[in-house]
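Undergrad: Chains A and B, in that order, are what the protein sequence lines are.
Residues in the first sequence are numbered consecutively from 120, following our numbering.
Residues in the second sequence are numbered consecutively from 668, following our numbering.
We put the beta carbon where it would ideally sit given N, CA and C, even for glycine.
Being a predicted model, the structure only gives us computed values, none of them experimental.
Just dropping this structure here.
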Amino acid sequence: MSSKINIYLIKYAINSILRQKYKTFFIVTIFTFLVFLLTSIFFITNSIRYELDSTVDALPQIIVQKIKAGRHYDIDVDKVDEILELSGVSDAVARVWGYYYFENAGVNFSVVGIDKYENQYKNSLQSIVNKFDFEESSDEPFMVVGQGVKEVMNSSYFKEYFNFIKPDGTLKKVNIRGVFDSDTQLESNDMIVMSNETIREIFDIDETKATDIVVKVANPQEVSMVASKIKLMLPDSRIITTQDLKISYQNIFDYKSGVFLALFIVSLFTFFIIIYDKSSGLSSEEKREIGILKAIGWRVDDVLKEKFYESFIISFFSYMLGSTLTFAYVYIFQAPVLREIFVGYSQLKTTFELPFIFDLQTLFLVFFISVPVYVAATIIPSWKVATLEADEVIR
Amino acid sequence: MSKKIFVLLFILVSASVSVYAFTKTASSEPVLVQSGEEKHWCPVCGMNLKMFYKTNHTSKTEDAKHRQYCSIRCLVVDMKKQNIPTESVEVVDAKTEKLIPAHKAFYVVGSKVKGTMSKVSKLAFASKEDALEFIKKHQGKLVDFTTVLKLAQDSLVFDTSMIAKKKKKKIYPMGKKIFYKMCDTHINLAEYKEINELKSALKNDNLCRPLKEKQLQATALYLWEVKRLGDLGDITGKISVQKDEKCPVCGMFTYKYPKWVAQIFYEDAGEQKHYSFDGVKDLMKFYFNPKEWSNDKVTTKKDISKILVTDYYSQVAIDATKAYYVVGSDIYGPMGDELIPFIDEEDAKTFYMDHKGTKVIKFKDITPEEIYKLDE
């Protein structure tokens, strides 16, 4: 078997493609659109799924809030002790945090309090505690701020310290100890971290109260059991688990995936209709061409090779074009229309970027349901014709 | 008319304030009967006596030494250790904040006020009227000292385990961090007879940089209850398995199931080696008949040097022979029905209730029949 590629056959195939301009243009357009649609769907769903998972995983496993008159209320710090008694709970931390409105600049800072000796509930906070020694010169209150906060404060000429206005109208001077790096991966740069005592003073929160309690459960399988026990123990509380969040996200996601599935089926259906149309027979012109080729001495396998090259060039070109367009559409332009299907409703109102994931699996999947099918749909009818006698075809 | 309204308002306001204002902290300088700088703290638990002054009890030991406790719970603990005549016990009157003989006091039990080191609070009053007035505001039941003492003795085990959990999960790790950051680590713990002496030394002899009461307590508890005993109760961490380790019984990769992983250790030419399993069930199959599954290094139970399993709740490595196992629960491991291991019997019982287990067994009671029945 001659494994050498026949250059003349390829040349002929390219010429043949160029000869039938309109037909080629039509096929490339349809094919590209199909590939584009399929890969976009998969890319967007994968990216969103990844984004959601990583966001949810970064949250504490269980958050316990006190609800009073339907609103979030400060919770008793003592409840931490009660929660710690539950089997399966490995740690519980009373968090003190809130938003501070800085009127001069018209912005909100999120202020988070930490206790340096407690186990931190987030890695980012732990790295801050490690980096900025929170106990030296603890007589002077201080804070560590995000880049954005630092800029806002600088523009108001607060370079070394910041004056918080306490609820009673007096000022609380807090020194700026440092700025987080980007590598601490804090979710937002509007964040201020300070000691629990300082934040309690600024917001006038009693020492027996906290904003909420976060609970760590060593075995993720036990989270729902622990959550239900806390609910029984503290009936006036709202329990938020990461699993709940994941499930509710997943529900929305699955529901919306249905829309994509419909799109997917429609486009596949269109594709196979075209294929069916193509494979059900060749036009008389194409038959005549094969007949002439045979008459001037082409063998059956030459004809098939030529047809293979022709169809492969068209389909592969369209495939590459389609997937390149998808990359640009999804990751550079952030999928303008299709993304709205997922993020358009209020359930997922967080703004986020679609993270770049090079999804080889999807690319292969789309390749194998498009290119070989098209190639086969071209070769099989040609083979049927090519096996006939030349005079029979031309006549 | 308006004067009347004012009076009424004033009464209402002052009444509501007093409902919420009950604290156990002494309102003036408390009476401390112990001597030395350590007199500020309870000799049993190390808690600050002033902060829990209204539940304070004092006693006089046979050798005429005065002792003061944060609560009746610590008194009961101390009574077990040494001979304390009940007549010598005195208690702080929650109303007048004066020491009164306990056997004459009226106790209010189970009010809405939180207990000190106990679920149920026990407050004492010199006069019955004060006690009844207190009950009106905070609920509770009027009892005498003998009943209270009995109550405290009965709930001691429960109260201690409740506190132990909190200490283990929260206070010891915190105390450890504080100790290594803020204190002189060359401290000789054998010098101190009781925790309040240690606390006083930490605070007054410059062994630590200035700490708040809560931090001081955490540090003292860590030193007294963990470090002094040689860090025995320290968590050993998770079982670690390599990516290529397969369970010799079922052939599955064990690293995929970190929640269930268990190990059997053996000696091979002086080296410690191990088998890893994806659950206690497979480990037990191996344990009962090592010949069938192992290479020729482990042929009998005697060749096994150590067995580790993963505690379901805390996910740390525990000694399998000391663990309690729950059978028949609705939690499945990678190989289906499992024996779920716990180091703490109470945890095992909780799990048994929560997850519909059929029984809790100890390691030595596990039989091969039981193991193979799980597969049916």
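(1) Closest Cβ-Cβ distance between A:E341 and chain B: below 8 Å?
(2) Apart from the five residues on each side of it in sequence, which residues of its chain come closer than 7 Å, Cβ to Cβ, to B:A868?
(3) At what residues does the alpha helix (DSSP H) containing B:W960 begin and finish?
(4) Roughly how many angstroms separate the alpha carbons of B:C737 and A:N238, rounded to a whole number?
(5) So, using beta-carbon positions, are B:I767 and B:V776 closer together than 8 Å?
(6) Are A:F161 and A:S434 touching if we call contact CB-CB under 8 Å?
(7) Indicate the three-state DSSP secondary structure (helix, strand or coil) for B:P915 in the structure shown.
(8) Determine the contact status of B:Y922 and B:Q930, defining contact as a CB-CB distance below 8 Å.
(9) When you compare the CB positions of B:K721 and B:E754, do they come within less than 8 Å of one another, or not?
(10) Check each candidate in B:L742, B:V711, B:E1013, B:Q939 and name the one with the smallest Cα separation from B:D1044.
(11) Which chain B residues are close to A:Y240, counting only those with a beta carbon under 8 Å from its beta carbon?
(12) Please say whether A:Q180 and A:V334 have beta carbons closer to each other than 8 Å?
(13) Leaving out five residues before and five after B:I838 in sequence, what residues of the same chain have Cβ atoms less than 6 Å from its Cβ?
(14) Quick one: give me the first and last residue of the beta strand (DSSP E) that A:F283 is part of.
(15) Of all Cβ atoms in chain A, is any one closer than 8 Å to the Cβ of B:D901?
(16) Using a Cβ-Cβ cut-off of 7 Å (strictly less than) and excluding sequence neighbours within five positions of A:Y450, which residues of its own chain qualify?
(17) Quick one: residues in its chain with C-beta nearer than 7 Å to the C-beta of B:T1025, no 5 flanking neighbours on either side, listed in chain order?
(18) For A:I349, count neighbouring C-beta atoms within 10 Å of its own C-beta (all shown protein chains included) and say buried if the count is 16 or more, exposed if not.
(19) Using 8 Å for Cβ pairs, my map puts A:V208 next to A:A329. What's the rounded Cβ distance?
(20) Looking at the unbroken alpha helix (DSSP H) that takes in A:Y169, where does it start and where does it end?
(21) How should B:V780 be labelled, buried or exposed, when 16 other C-beta atoms within 10 angstroms of its C-beta is the threshold for buried?
(22) Taking 7 Å as the limit between beta carbons, can you name the residues of its chain near A:A132, skipping five residues before and five after?
(23) Report all residues from its chain with a CB closer than 7 Å to the CB of B:A638; omit the five preceding and five following residues, and keep chain order.
(24) Residue range of the alpha helix (DSSP H) that B:P877 falls in?
(25) In chain order, what residues of the same chain have a beta carbon less than 7 Å from the beta carbon of A:Y464, not counting five sequence neighbours either side?
(26) Helix, strand or coil for B:K844 per DSSP?
(27) Is the beta carbon of A:V512 less than 8 Å from the beta carbon of A:K397?
(28) When you check each C-beta in the segment 1021 to 1039 of chain B against every C-beta of chain A, which residues fall closer than 9 Å?
(29) Compare the C-beta of A:A188 against all C-beta atoms of chain B and say whether one is closer than 8 Å.
(30) Is A:N227 helix, strand or coil when you go by DSSP?
(31) Does DSSP put A:M313 in a helix, a strand or coil?
(32) Residues of the segment 974 to 989 of chain B in Cβ contact with chain A at a cutoff of 7 Å, in chain order, please.
(33) Alpha carbon to alpha carbon, how far is B:G946 from B:G1000?
(34) Have a look at A:Y276 and B:H805 and give me their C-alpha separation to the nearest angstrom.
(35) Taking just the CA atoms, how far does A:R357 sit from A:A188?
(36) Assuming B:W708 and B:K866 make a contact with CB atoms under 8 Å, what is their CB distance in whole Å?
TA: Looking at the atomic coordinates:
(1) In the first sequence, counting from the first residue as 1, residue 341 of chain A sits at position 222. With 8 Å as the cut-off, A:E341 counts as an interface residue toward chain B.
(2) Indexing the second sequence from 1 puts residue 868 of chain B at position 201. Taken in chain order, the residues that qualify are Y859, L874.
(3) The residue given as residue 960 of chain B occupies position 293 in the second sequence. From DSSP, the alpha helix (DSSP H) with B:W960 extends over 957 to 960.
(4) Counted from its first residue, the second sequence places residue 737 of chain B at position 70. Counted from its first residue, the first sequence places residue 238 of chain A at position 119. Spanning the two alpha carbons is a distance of roughly 28 Å.
(5) Taking the first residue of the second sequence as position 1, residue 767 of chain B is located at position 100. Taking the first residue of the second sequence as position 1, residue 776 of chain B is located at position 109. For B:I767 and B:V776, no; Cβs fall outside 8 Å.
(6) Against the first sequence, residue 161 of chain A aligns to sequence position 42. Against the first sequence, residue 434 of chain A aligns to sequence position 315. No. Outside cutoff.
(7) Here residue 915 of chain B corresponds to residue number 248 of the second sequence, with the count starting at 1. For B:P915, the three-state secondary structure derived from DSSP is coil.
(8) Your numbering for residue 922 of chain B matches position 255 in the second sequence. Your numbering for residue 930 of chain B matches position 263 in the second sequence. No, Cβ-Cβ distance for B:Y922 and B:Q930 is not below 8 Å.
(9) For this step, residue 721 of chain B is matched to residue 54 along the second sequence. For this step, residue 754 of chain B is matched to residue 87 along the second sequence. Cβ atoms of B:K721 and B:E754: not closer than 8 Å.
(10) Outside the displayed span of chain B (668 to 1043) sits residue 1044 of chain B, for which this structure offers no information.
(11) Here residue 240 of chain A refers to the residue found at position 121 when the first sequence is read from its first residue. Neighbours of A:Y240 on chain B: none; closest Cβ ~13 Å, over 8 Å.
(12) Numbered from 1 along the first sequence, position 215 holds the residue referred to as residue 334 of chain A. Numbered from 1 along the first sequence, position 61 holds the residue referred to as residue 180 of chain A. Contact check for A:V334 against A:Q180 passes: the beta carbons are separated by less than 8 Å.
(13) Within the second sequence, residue 838 of chain B is the residue found at index 171, counting from 1. Result list for B:I838: A885, L888, in chain order.
(14) For the purposes of this step, residue 283 of chain A is identified with residue 164 of the first sequence, where counting begins at 1. From DSSP, the beta strand (DSSP E) with A:F283 extends over 280 to 284.
(15) Here residue 901 of chain B refers to the residue found at position 234 when the second sequence is read from its first residue. Since pLDDT at B:D901 reaches only 49, below the 50 mark, its modelled position is unreliable, and no value is offered.
(16) Taking the first sequence and counting its residues from 1, one reaches residue 450 of chain A at position 331. Here the set comprises L473, F475.
(17) In the second sequence, counting from the first residue as 1, residue 1025 of chain B sits at position 358. Residues V994, G995 of the same chain have their beta carbon placed closer than 7 Å to that of B:T1025, with the five preceding and five following residues left out of the count.
(18) Counting from one through the first sequence, the residue named residue 349 of chain A turns up at place 230. With 16 or more other Cβ atoms within 10 Å, it is buried.
(19) For the purposes of this step, residue 208 of chain A is taken as residue 89 along the first sequence, with counting starting at 1. For the purposes of this step, residue 329 of chain A is taken as residue 210 along the first sequence, with counting starting at 1. Going by Cβ atoms, the distance from A:V208 to A:A329 rounds to 16 Å, so no, they are not a contact pair.
(20) As a first step, residue 169 of chain A is located in the first sequence; it is residue number 50 there, counting from the start. Segment 140 to 177, the alpha helix (DSSP H) holding A:Y169.
(21) Residue numbering aside, residue 780 of chain B sits at position 113 when the second sequence is read from its first letter. Here B:V780 is buried. Its C-beta has 16 or more other C-beta atoms within 10 Å.
(22) One-based indexing of the first sequence puts residue 132 of chain A at position 13. Taking A:A132 as the centre and dropping the five residues before and after it, the same chain places the C-beta of E425, Y428, E429, I432 closer than 7 Å to its C-beta, in chain order.
(23) One cannot answer for residue 638 of chain B here, as it falls past the ends of chain B, which runs 668 to 1043.
(24) Position 210 of the second sequence, counting from 1, holds the residue named residue 877 of chain B. Premise fails: B:P877 is in no alpha helix (DSSP H) and is neither H nor E.
(25) Here residue 464 of chain A refers to the residue found at position 345 when the first sequence is read from its first residue. Because A:Y464 sits at a pLDDT of 47, beneath the cut-off of 50, its placement in the model cannot be relied upon, and the point is left open.
(26) Working through the second sequence from its first residue, we reach residue 844 of chain B at position 177. Correct three-state label for B:K844: helix.
(27) Reading the first sequence from its first residue, position 393 is the one you call residue 512 of chain A. Reading the first sequence from its first residue, position 278 is the one you call residue 397 of chain A. No. Outside cutoff.
(28) Within the segment 1021 to 1039 of chain B, the residues whose Cβ lies closer than 9 Å to some Cβ of chain A are D1021, H1022, listed in chain order.
(29) Working through the first sequence from its first residue, we reach residue 188 of chain A at position 69. No, A:A188 does not count as interfacial toward chain B.
(30) Reading the first sequence from its first residue, position 108 is the one you call residue 227 of chain A. Shown here, A:N227 sits in a strand according to DSSP, grouped into three states.
(31) Against the first sequence, residue 313 of chain A aligns to sequence position 194. The DSSP-derived three-state label of A:M313 is strand.
(32) If the cut-off is 7 Å between Cβ atoms, the segment 974 to 989 of chain B has Y979, Y980, S981, Q982 near chain A.
(33) Within the second sequence, the letter at position 279 stands for residue 946 of chain B. Within the second sequence, the letter at position 333 stands for residue 1000 of chain B. Their backbone Cα atoms lie some 7 Å apart in a straight line.
(34) Residue numbering aside, residue 276 of chain A sits at position 157 when the first sequence is read from its first letter. Residue numbering aside, residue 805 of chain B sits at position 138 when the second sequence is read from its first letter. Distance between the alpha carbons of A:Y276 and B:H805 is about 53 Å.
(35) In the first sequence, the residue the question calls residue 188 of chain A occupies position 69. In the first sequence, the residue the question calls residue 357 of chain A occupies position 238. For A:A188 and A:R357, the distance between alpha carbons rounds to 12 Å.
(36) Along the second sequence, read from residue 1 onward, the residue named residue 708 of chain B stands at position 41. Along the second sequence, read from residue 1 onward, the residue named residue 866 of chain B stands at position 199. Contact holds; Cβ gap of about 5 Å.
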